[in-house]
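Each residue of the sequence shown is one higher than the one before, starting from 4 at the first, in the working numbering. Accompanying notes for the structure given below.
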Amino acid sequence: ILAAILFPVFAQAKTAAKKTSSLSNVKQMGTSVAIYLADYDDTFPRAFGYYPGIGHMWNYWHDVPANWRTNDPTYVEFANGSAINNTEPYRKNQYLVELAGGFPSFNPLGATANTRAKKVGLAYNGLLHSYNATSVAAISSLPLFTQVGGHLNADGADTGPLPVMGCSNPNTECRYQPANGATCSSNPNGQWSYYFYPNAKQQLYGNTQTWVFTDTSAKVRRVGMNINGRTDFKTDPYTRYLPGAIDNFTAWYDNGYCHAILFRPDFDFSTWDTAPIEAP
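Structure representation (structure tokens):
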């Protein structure tokens, strides 16, 4: 009987310890970006790279580290476009990008490493790709790194960005463009954003995740609180969840189905959309 009583207590304590560790890690990730901004004229890190002859690699996996499969300089330069890679010199260790708690891993690139591939569980807000930090409307509310990729660490690849901006035109710069009614696509660049749905468990520490925001504050965020119905679009990126708190391939977008609601850098987090879109 005593064991039956104590086991849930120990499990809760273990979860709390993992959450505390994760909060510390994401806080340090926020600090690393703040230092990066000081070196790059208040311009946020790129979310993805550019490959000559192809274009903006917004819908490609990026190796972490950039050279673990090849030392080809063109490829390494492209892979270093990942926010996980280009902020690496600004953080004290690579383990900050892992999900705290020994979550399982998957290898989306499936190659034999020539240097040790790194595990990545944090997802960068892709709408911040090369965006000027002084233009962020609500720094304490805009996510910088989250765990919306779910409970899996990617082995040797960047989990994010999540969401990501569509940038299909290789000949123009890629930068966030505010929604303009319902006229949005991946060309012109930056008019539209999208999730590559992880289809993975989203409740990591109890029913929560840990996020860091653009002011470097780290906070616990509840997700998946309406398992059998729609979630609150003011707090949850995904609209519905399957049993086991797995995302259901649908997310919250603005009234015009252009951008993911919670990740827009020009949003004030007070003038909420009146008719948010639930869509893939």
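Just so it is clear, CB atoms sit at the ideal spot from N, CA and C, and this is done for glycine as well. The model shown is predicted, which means the values in this text are computed figures rather than measured ones.
- Within the same chain, and ignoring the five residues on either side of N135 in sequence, the residues whose Cβ sits closer than 7 Å to its Cβ are D45, T46.
- At a Cβ-Cβ threshold of 8 Å, V67 and A160 count as neighbours.
- In the three-state DSSP reduction, L112 falls in the coil class, being neither helix nor strand.
- Counting along the chain, V79 sits inside the alpha helix (DSSP H) bounded by residues 76 to 82.
- Here S196 is near H262, since their CB atoms are less than 8 Å apart.
- In the displayed model, A120 falls within coil according to three-state DSSP, outside both helix and strand.
- Spanning the alpha carbons of V151 and W61 requires a straight line of approximately 17 Å.
- With respect to the 8 Å criterion, D276 and N258 are classified as neighbours on the basis of their beta carbons.
- Taken atom to atom, the span from the alpha-carbon of D239 to that of L265 is near 8 Å.
- With contacts defined by Cβ atoms closer than 8 Å, Y208 and S25 form a contacting pair.
- Following the DSSP letters along the chain, one finds A86 in no beta strand (DSSP E) but inside the alpha helix (DSSP H) bounded by residues 86 to 89.
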